[in-house]
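Just so we're aligned: the sequence shown equals residues 1 to 433 in my numbering. Just so it is clear, CB atoms sit at the ideal spot from N, CA and C, and this is done for glycine as well.
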Amino acid sequence: MNATRTITLYEWQELEPSRENGLEGVFLDAPPVRQLAEQLDATGRLGIKEMRNGLAVRARSYVGRIRLGELEITVLPKIRQSSLLRLLRYAFGFRNLHILDDAAQQLETAGFEDLLVSQLNAEVAELLSRGLRRTYEPRREYLGSPRGRIDLQRIAADGGVVTAAIPCAHHPRLEDSLLNRVLHAGMGLAASLANDMSLRRRARRLAAAFEELVSPIRLDATAIDRVSASMNRMTRTYEPAVSLIRLIYEASGIAFAGSPATLRLPGFLFDMNRFFQALLSRFLRENLPGFKVREEHGLRRMLRFAAGFNPQNRLAPTPRPDFAVLKDGVVESILDAKYRDLWEKPLPRNMLYQLAMYAASHQKRVAAILYPTVDPSASEARIDVREPLLGREIGQVQLRPVPMQLVEELACGTATAQNQRARSRLALWMAFG
1 MNATRTITLY EWQELEPSRE NGLEGVFLDA PPVRQLAEQL DATGRLGIKE MRNGLAVRAR
61 SYVGRIRLGE LEITVLPKIR QSSLLRLLRY AFGFRNLHIL DDAAQQLETA GFEDLLVSQL
121 NAEVAELLSR GLRRTYEPRR EYLGSPRGRI DLQRIAADGG VVTAAIPCAH HPRLEDSLLN
181 RVLHAGMGLA ASLANDMSLR RRARRLAAAF EELVSPIRLD ATAIDRVSAS MNRMTRTYEP
241 AVSLIRLIYE ASGIAFAGSP ATLRLPGFLF DMNRFFQALL SRFLRENLPG FKVREEHGLR
301 RMLRFAAGFN PQNRLAPTPR PDFAVLKDGV VESILDAKYR DLWEKPLPRN MLYQLAMYAA
361 SHQKRVAAIL YPTVDPSASE ARIDVREPLL GREIGQVQLR PVPMQLVEEL ACGTATAQNQ
421 RARSRLALWM AFG
């Protein structure tokens, strides 16, 4: 490729090579660029195929920007950025803090990564203004004025006290904890990803505020997992910032199964499936009184190896739908969240087969796909699953559109009795049709 080209498309949109969209005559000449394109396709992030006359690009559920050599591809969400920010805050429990400017136009032109970085800037600035949490950290060092416990074993190993400083083991109360180190590293990552110059500068200033207080670390999934596992009521104010750092970290790389290493991307691609599932989870849990919503509910004993025919003694697979709605311990509804507008796009066979299995797993014999839509005319569709020979119905798959504009109005609106009744009606319809 000889010149820089910028291609913009929406989620699930497909572009064939043409002169109008700038993909005609564009090819992936460098082997590293071609390898990256293959990895993006293999992991389901972005479909890129070299045709005879140029590149074909197929967006999926990932949004953001990626650079392939001299080609920059931007995938935009169909939901307006300002609405998406409100829904992100609701889904993940982020605080309604001031970000960017108040102008809606600036929100609409910001990249998706900028929305997350700006929210992280606001969260970390709030934490810094209150003062970073300090914890008792173990230290072993030589001190002129002894503190804590004198390290007798070190003195013996040194052959006695040979200097004016004495080895001590003590626990000073410091900001230099793993939690604050992850925040520091997360701000550095955010600064490297932001497209907006003012956001980048602010992220760097916030990162600089940590430098004299905490030790630098290399940000990885293990450090984020350790911090998340140690969260308690004393660190609750840190949870939104840590969640944002996890989202930004995961969207800036590719982790391969069975490998601890993560390939860093020249860009940022965020999986909207994760956002949509978090949004539905919170909305259903909050607005289905009398029911329990269980995520990743394992359908145990549905599949099993036949007796005597499990030569490698493997565990039987356990299907796990995104949500099971239970009442008094009995499954009343099985739901799967799919971030694909099935009102505009056809239902893939793998989704249909998956839901048909879920429907056969419980007494109601019904399973539903919840999918997002911005089309007000979208309505529910139902597919009967029948026995091929006798035509006996053995289950039903329901395709249920989730009106994103209505969800935004109800979830992010003023908490009133009327609003709560409307929330409950929508949640009941989403769960049971």
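State the Cα-Cα distance for the pair residue 34 and residue 47, rounded to the nearest angstrom. In the sequence shown, residue 34 corresponds to position 34, counting from 1. In the sequence shown, residue 47 corresponds to position 47, counting from 1. Distance between the alpha carbons of residue 34 and residue 47 is about 12 Å.
Quick one: what's residue 170 bridged to in DSSP? Translated into the one-based positions of the sequence shown, residue 170 becomes position 170. 139.
Would you mind reading off the limits of the alpha helix (DSSP H) that contains residue 181? Position 181 of the sequence shown, counted from the first residue, corresponds to residue 181. Note, residue 181: alpha helix (DSSP H), 178 to 193.
Would you list, in sequence order, the uninterrupted beta strand (DSSP E) runs of no fewer than 3 residues that lie entirely inside the segment 370 to 405? Here the runs fully enclosed are 381 to 386 and 393 to 403.
How long is the line joining the alpha carbons of residue 348 and residue 374, rounded to whole angstroms? What you label residue 348 is simply residue 348 of the sequence shown in a count that begins at 1. What you label residue 374 is simply residue 374 of the sequence shown in a count that begins at 1. So the two alpha carbons sit approximately 20 Å from each other.
Can you say whether residue 292 is buried or exposed, counting buried as having 16 or more other CB atoms within 10 angstroms of its CB? Taking the sequence shown and counting its residues from 1, one reaches residue 292 at position 292. Answer is exposed; the Cβ neighbour count stays below 16.
Expressed to the nearest angstrom, what Euclidean distance is found between the alpha-carbon atoms of residue 384 and residue 368? Taking the first residue of the sequence shown as 1, we reach residue 384 at position 384. Taking the first residue of the sequence shown as 1, we reach residue 368 at position 368. So the two alpha carbons sit approximately 12 Å from each other.
Opposing strand residues paired with residue 268 [DSSP bridges]: Residue numbering aside, residue 268 sits at position 268 when the sequence shown is read from its first letter. According to DSSP, residue 268 bridges with 65.
Only counting the same chain, and skipping five residues up and downstream in sequence, which positions put a Cβ closer than 7 Å to that of residue 41? Translated into the one-based positions of the sequence shown, residue 41 becomes position 41. These residues qualify, in order along the chain: 47 and 48.
Does the distance from the CB of residue 25 to the CB of residue 65 come in under 8 Å? As a first step, residue 25 must be located in the sequence shown, where it is residue number 25. As a first step, residue 65 must be located in the sequence shown, where it is residue number 65. No. Outside cutoff.
Burial state of residue 271, where buried means 16 or more other Cβ atoms lie within 10 Å: Within the sequence shown, residue 271 is the residue found at index 271, counting from 1. Flag for residue 271 reads buried.
Over what stretch of residues does the alpha helix (DSSP H) that includes residue 243 continue unbroken? Within the sequence shown, residue 243 is the residue found at index 243, counting from 1. Segment 239 to 251, the alpha helix (DSSP H) holding residue 243.
Measuring only the C-alpha atoms, how far is residue 310 from residue 363? By 1-based counting over the sequence shown, the position of residue 310 is 310. By 1-based counting over the sequence shown, the position of residue 363 is 363. In a straight line, the C-alpha of residue 310 is about 28 Å away from that of residue 363.
What is the rounded straight-line gap between the Cα of residue 59 and the Cα of residue 85? Looking up residue 59 in the sequence shown gives position 59. Looking up residue 85 in the sequence shown gives position 85. The straight-line gap from Cα to Cα measures roughly 21 Å.
For residue 370 and residue 402, which I take to be in contact (beta-carbon distance under 8 Å), what is that distance rounded to the nearest angstrom? Indexing the sequence shown from 1 puts residue 370 at position 370. Indexing the sequence shown from 1 puts residue 402 at position 402. Between residue 402 and residue 370 the Cβ distance is about 5 Å, and since that is below 8 Å, they are a contact.
For residue 282 and residue 427, which I take to be in contact (beta-carbon distance under 8 Å), what is that distance rounded to the nearest angstrom? Within the sequence shown, numbered from 1, the residue matching residue 282 stands at position 282. Within the sequence shown, numbered from 1, the residue matching residue 427 stands at position 427. That pair is no contact at about 11 Å.
Nearest residue (CA-CA) to residue 162, options 169, 142 and 180: Position 162 of the sequence shown, counted from the first residue, corresponds to residue 162. Taking only the C-alpha atoms, the option nearest residue 162 is 142.
Less than 8 Å between the CB atoms is what I'm expecting for residue 170 and residue 139, so what's the real figure, rounded? Start at 1 with the first residue of the sequence shown, and residue 170 comes out as number 170. Start at 1 with the first residue of the sequence shown, and residue 139 comes out as number 139. That belief holds up - the Cβ atoms of residue 170 and residue 139 are roughly 6 Å apart, short of 8 Å.
Residue range of the alpha helix (DSSP H) that includes residue 72: Taking the sequence shown and counting its residues from 1, one reaches residue 72 at position 72. It is not in any alpha helix (DSSP H) - residue 72 instead sits in the beta strand (DSSP E) that spans 71 to 76.
Return the Cβ separation of residue 195 and residue 328 in integer angstroms, given the expectation that the two are a contact with Cβ distance under 8 Å. Reading the sequence shown from its first residue, position 195 is the one you call residue 195. Reading the sequence shown from its first residue, position 328 is the one you call residue 328. At roughly 51 Å, the Cβ-Cβ gap does not stay under 8 Å, so residue 195 and residue 328 are not in contact.
Do three or more CB pairs link the segment 209 to 217 to the segment 183 to 198 at distances below 8 Å? yes
If you draw a straight line from the C-alpha of residue 123 to the C-alpha of residue 202, how long is it? The sequence position of residue 123 within the sequence shown is 123, counting from 1. The sequence position of residue 202 within the sequence shown is 202, counting from 1. Near 12 Å, if we compare the C-alpha coordinates of residue 202 and residue 123.
Outcome for residue 149 when other beta-carbon atoms lying within 10 angstroms are tallied against a minimum of 16: Reading the sequence shown from its first residue, position 149 is the one you call residue 149. Residue 149 comes out exposed.
On the CB-based measure, 16 or more other CB atoms within 10 Å of its CB, does residue 17 come out buried or exposed? Here residue 17 corresponds to residue number 17 of the sequence shown, with the count starting at 1. Residue 17 should be labelled buried.
If you draw a straight line from the alpha carbon of residue 295 to that of residue 322, how long is it in whole angstroms? Residue mapping note: residue 295 aligns to position 295 of the sequence shown, counting from 1. Residue mapping note: residue 322 aligns to position 322 of the sequence shown, counting from 1. Each residue's Cα considered, the two are about 5 Å apart.
Residue burial classification, residue 238 (beta-carbon count within 10 angstroms, cutoff 16): To locate residue 238, count along the sequence shown from 1; it is residue 238. Burial call: buried.
Within 10 Å of its beta-carbon, does residue 336 have 16 or more other beta-carbons around it, so buried, or fewer, so exposed? Here residue 336 refers to the residue found at position 336 of the sequence shown. That one is buried.
Kindly give me the distance between the Cβ atoms of residue 76 and residue 63, rounded to whole angstroms, as I take these residues to be in contact under 8 Å. Stepping through the sequence shown from its first residue, residue 76 is reached at position 76. Stepping through the sequence shown from its first residue, residue 63 is reached at position 63. Correct: roughly 6 Å between the Cβ atoms.
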